[in-house]
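Read through the structure below, which is laid out as structure tokens, and then see the notes.
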Amino acid sequence: MTEPSQTRVVVTPGDPAGIGPFVMYRAWQQLGTPDEVRFAGPAGLWSNLADRLGGPVPHCLDERSPDTPIPAPGCPDDVGARIAWRALDQAIHCARSCGAAIVTGPISKEHMVAAGFPHAGHTDYLREQFGVPSVLMVMAADAFVVGLATVHVPLASVPDLITPGRIADSLQLLDRYLAHTGADTSRPIAVAGVNPHAGERGTLGNDERRVQAGIERAQQTVSRPIIGPLPGDTVFRDLSQERVSAVLAMYHDQGLAPFKLLHFDRGVNVTVGLPVLRTSPDHGTAFDLAARDTASSDSARAALAMAIRYGARWSTQRSETER
């Protein structure tokens, strides 16, 4: 396995039958093939891709597995899911060893679960493997930053999950992201309500009372202002006009619908709360495009660029905090 001492960023392919390997490799090419980036997963996957695209072969963490069978593009199966899983574990091991940032390619939740993966996605698996109590999914595209208080849960479950403690933890993690990336401390974090019109003072629901309690708890430790709960149908206008630094959305589609409408091709998925930076493109496996080599690599390039730019800062600030 390649010596990790010079590794600042580790890239995983995601599902090898999807567009992940292509967009990750293309992003690395477009950024000038930075030498501090290492690729997890079978070396043969990356060397074959380099040959196909006429580019250089990247440095791989595991150079001993050139002949590992790889599913054909567009033909996902459990074998590919296990390759994605092993690559993720390689990246985690490297990150623990040297503080490298992790950039993950998209996986198929269906095939990962069928292969025995214990979670519905990367985020909870990373939280478990790094042994941290909580993490926050943040979607970022320049100054358009959205945190998600809940993620991959049924909408009917959201009200029960919206507790003051969860809101406070989410706001503290969102503030941590903004601090790491140098956001303007004078602009507040805005918090969306759960119900239409943020409940209309209880007329349309009382969930906002718990949201408000969480805001008050978080404001004791978060230095930048926090405002809300605000109506979900207007709060993203404030974000798009940069009147607020970020929005904490209450559930998946509340936050991702406006985000992907405006920034689908260049958004970055960030996991905040880990001891290292983890980023990912904001799209899925797109198996139907995998055999064409035409998928946009813009989001993957943004994810890799963010990891290169901020990865060392994430690890350094963590070490300073521990001291």
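All residue numbers for the sequence shown refer to the numbering used here, where the first residue is 10 and numbers rise by one.
Even glycine gets a Cβ: it sits at the ideal position worked out from N, Cα and C.
Since this is a predicted model, take the numbers as computed values, not measurements.
query                                                                                                                                                        : result
Counting only the same chain and skipping the five closest in sequence on each side, list residues whose C-beta sits under 7 Å from that of residue 23.      : 29, 93, 113, 114, 115, 116 and 294
Should the stretch 312-320 be called in touch with the stretch 179-188, which here means at least 3 C-beta pairs below 8 Å?                                  : no
DSSP three-state call for residue 328: helix, strand or coil?                                                                                                : Residue confidence is low: residue 328 scores 43 on pLDDT, short of 50, so the model does not pin down where it sits. Its coordinate-derived value is still stated next. Helix at residue 328.
Would residue 26 pass as a contact of residue 69 if the rule is Cβ separation under 8 Å?                                                                     : no
Please confirm if the stretch 250-269 is in contact with the stretch 123-136, defined as three or more CB-CB distances below 8 Å between the two stretches.  : no
Assuming residue 211 and residue 203 form a contact by the criterion Cβ under 8 Å, report the distance between their Cβ atoms to the nearest whole angstrom. : So it is not a contact: roughly 12 Å between Cβ atoms.
Which parts of the stretch 138-182 are runs of the alpha helix (DSSP H), unbroken and 4 residues or longer, counting only runs that do not cross its ends?   : 167-170
DSSP has residue 48 in a bridge; who is on the other side?                                                                                                   : 20 and 69
Have a look at 303, 173 and 224 and flag the residue whose alpha-carbon is nearest the alpha-carbon of residue 198.                                          : 224
Just to confirm the assignment, what range does the beta strand (DSSP E) spanning residue 287 have?                                                          : 287-290
I need the DSSP call for residue 79, collapsed to helix, strand or coil.                                                                                     : coil
So, are the CB atoms of residue 310 and residue 36 less than 8 Å apart?                                                                                      : yes
Please determine, among 323, 308, 227 and 239, the residue with the shortest C-alpha to C-alpha distance to residue 209.                                     : 239
Specify the secondary structure class of residue 11 as computed by DSSP and reduced to three states.                                                         : With a pLDDT of 48 at residue 11, under the threshold of 50, the modelled position of this residue cannot be trusted; read the value that follows with caution. Note: residue 11 maps to coil in three-state DSSP.
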